[in-house]
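This report refers to the structure that appears directly beneath it.
Protein chains: 2
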Amino acid sequence: MLYTSDSLSQLIEEFSLLPGIGKKSAQRIAMYILKLPNEQVERMAKALVNVKEKMQYCVSCWNFTEQNPCSICSNPKRDRSTICVVEEPSDVIAIEKTNEYKGLYHVLGGSLSPLDGIGPEDLKVNELLTRMNSSVQEIILALNPNIEGEATTIYLTRLLKPLGTKVTRLARGIPIGGDLEFADEATITRALEGRVVV
Amino acid sequence: MLYTSDSLSQLIEEFSLLPGIGKKSAQRIAMYILKLPNEQVERMAKALVNVKEKMQYCVSCWNFTEQNPCSICSNPKRDRSTICVVEEPSDVIAIEKTNEYKGLYHVLGGSLSPLDGIGPEDLKVNELLTRMNSSVQEIILALNPNIEGEATTIYLTRLLKPLGTKVTRLARGIPIGGDLEFADEATITRALEGRVVV
């Protein structure tokens, strides 16, 4: 027999279901957990249950939140004239990390993907439209740079532009710290198209 | 603010303490957990607490176990004349995976490392000596191929050989599936030294 205990196999099984964790990492983590102090493991188990119990979607931006509306939507210092549209809550975190953006967000919950049967009705598109009042002056489309993200960007642009709001998207180009030599053709093409006067 | 909730930050924090999981992976896992069904997350939390509650050390081989003695030590089909000495419980799993070894194990709980202040008294060395009765005919030293493992192998060989038991160690050489071109000098040297007649 491989594992000398059922509870150990069970734990390894649970961990190996998580993204980016294979069978080997799951085993390594489980072995590590066996050596941790009881309190730390209990704290971890509690954090797991806690996060599921407390988490809900913000009624305004559809980000994960513990309170409604979320801390960004309810923050009086945020600029209410700009809404940044993203696919997932993790994208909000990525943008917040820059400390550059002071507007609001709208989490679509994915991107358009006809092959997977995901249409506009599966995303929070109608919820975005209901937020489009006169105080909103700019919509920044910050979708992922892949086919689905592109399709969603085009779809939303067509939908939002007639409403008279300024619609922008993130710049494409060579990433900072990237090497021109290793950049792909599509990225270099976009960087050339978007060149700026210095 | 980066995360819109304390319980989310707490979960990310807990996950990032695990081996091989950085801040980014922890965030990715936490986001994934938020989308899992409640039952699965509760099952996972329970598995964590369970494993700590049920796990103990086998009084004979010092492997992790739920029952005492462990399922390997109490298995009448295992060959009681051979004891394979390893550093950690994960090494037992690695050897069990081969389905080749039918003897017993002894888990030292680490290797000798004077720099880290780990001496023989910190490992289950005395516990190994108490197992050395007349029925034990071979001790296989399966320690890690690094300086600490080497030192432990030499130490244990000196300790066990005078007792009249056969003491062996795992063969060193080119790993299966490995490429001779990319093998390091030390490995090739060991493979040459240990060459066998075909």
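Protein chains in written order, with numbering that gives the first Met the number 0: chain A, 0 to 197; chain B, 0 to 197.
C-beta: ideal position from N, C-alpha, C; glycine also.
As the structure is a computational prediction, the values presented were derived from the model and not from experiment.
{"Check": "Minimum Cβ-Cβ distance from N67/B to chain A less than 7 Å", "Outcome": "no"}
{"Check": "Residues from the segment 45-67 of chain A in contact with chain B, defined by Cβ distance under 7 Å", "Outcome": "A46, L47, V48, N49, V50, K51, K53, M54, N62, F63, T64, E65"}
{"Check": "Per-residue burial, E120/B [other beta carbons within 10 Å of its own, 16 or more giving buried]", "Outcome": "exposed"}
{"Check": "Min CB distance Y31/A to chain B below 7 Å", "Outcome": "yes"}
{"Check": "V135/B beta carbon less than 7 Å from that of I82/B", "Outcome": "yes"}
{"Check": "The segment 11-21 of chain B touching the segment 177-195 of chain A, judged by at least three CB pairs closer than 8 Å", "Outcome": "no"}
{"Check": "Nearest to N62/A (by Cα), restricted to the options G108/A, S80/A, E149/A", "Outcome": "G108/A"}
{"Check": "Buried or exposed (CB count within 10 angstroms, at least 16 for buried), V197/A", "Outcome": "exposed"}
{"Check": "Chain B within 7 Å of P75/A, Cβ atoms only", "Outcome": "no"}
{"Check": "Within 7 Å, strictly: CB atoms of I138/B and T164/B", "Outcome": "yes"}
{"Check": "Beta-carbon proximity of Y31/B to P18/A, cut-off 7 Å", "Outcome": "yes"}
{"Check": "Chain-order list of residues whose beta-carbon lies under 7 Å from that of L7/B (same chain, five-residue window excluded)", "Outcome": "A29"}
{"Check": "Which listed residue (G116/A, S89/A, L114/A, E149/A) has its alpha carbon closest to that of Y104/A", "Outcome": "S89/A"}
{"Check": "Cβ-based burial, E180/B [other Cβ within 10 Å; buried from 16]", "Outcome": "exposed"}
{"Check": "Buried or exposed (CB count within 10 angstroms, at least 16 for buried), Q55/A", "Outcome": "exposed"}
{"Check": "Cβ-based neighbour list, V91/A, same chain, cut-off 7 Å, excluding 5 preceding and 5 following", "Outcome": "N62, V85, Y104, V106"}
{"Check": "Distance CB(C72/A)-CB(S59/A) smaller than 7 Å", "Outcome": "yes"}
{"Check": "Collapsed DSSP secondary structure at E137/A in the structure displayed", "Outcome": "strand"}
{"Check": "Residue burial classification, T151/B (beta-carbon count within 10 angstroms, cutoff 16)", "Outcome": "buried"}
{"Check": "Simplified DSSP state of G102/B, which is helix, strand or coil", "Outcome": "strand"}
{"Check": "Whole beta strand (DSSP E) elements within the segment 75-119 of chain B, 3-residue minimum", "Outcome": "78-85, 102-106"}
{"Check": "Amino acids of chain C, ordered along the chain, whose beta-carbon sits closer than 8 Å to that of N37/B", "Outcome": "Of the protein chains in the structure, A and B, none is chain C."}
{"Check": "Beta-carbon gap between Q9/B and A93/A smaller than 7 Å", "Outcome": "no"}
{"Check": "Simplified DSSP assignment, three categories, for T64/A", "Outcome": "strand"}
{"Check": "CB contact below 7 Å: I28/A versus chain B", "Outcome": "yes"}
{"Check": "Spatial distance of L122/A from R130/A (CA atoms)", "Outcome": "15 Å"}
{"Check": "Coarse secondary structure for T167/B, derived from DSSP in three states", "Outcome": "strand"}
{"Check": "Nearest residue (CA-CA) to K23/A, options K96/B, K51/B, R27/B", "Outcome": "K96/B"}
{"Check": "Environment of A185/B [buried if 16+ CB atoms lie within 10 Å]", "Outcome": "exposed"}
{"Check": "Distance between M43/B and L159/A (C-alpha atoms, nearest Å)", "Outcome": "43 Å"}
{"Check": "Near-chain A residues of the segment 87-110 of chain B - C-beta to any C-beta below 9 Å", "Outcome": "E87, P88, S89, V91, I92, E95, K96"}
{"Check": "Cβ neighbour criterion (16 or more within 10 Å) applied to K51/B", "Outcome": "buried"}
{"Check": "Cut-off 8 Å between Cβ atoms - residues of its own chain near R253/B, not counting five sequence neighbours on either side", "Outcome": "The requested residue 253/B is not part of the displayed model; chain B covers only 0 to 197."}
{"Check": "L35/A: CB within 6 Å of a non-hydrogen atom of the ligand COA", "Outcome": "Looking at this structure, you won't find the ligand COA or any other ligand, since it has none at all."}
{"Check": "Rounded separation between L114/B and G21/B - CA only", "Outcome": "27 Å"}
{"Check": "Neighbour list for V40/A in chain B, Cβ cutoff strictly below 9 Å", "Outcome": "L47, V48, V50, K51"}
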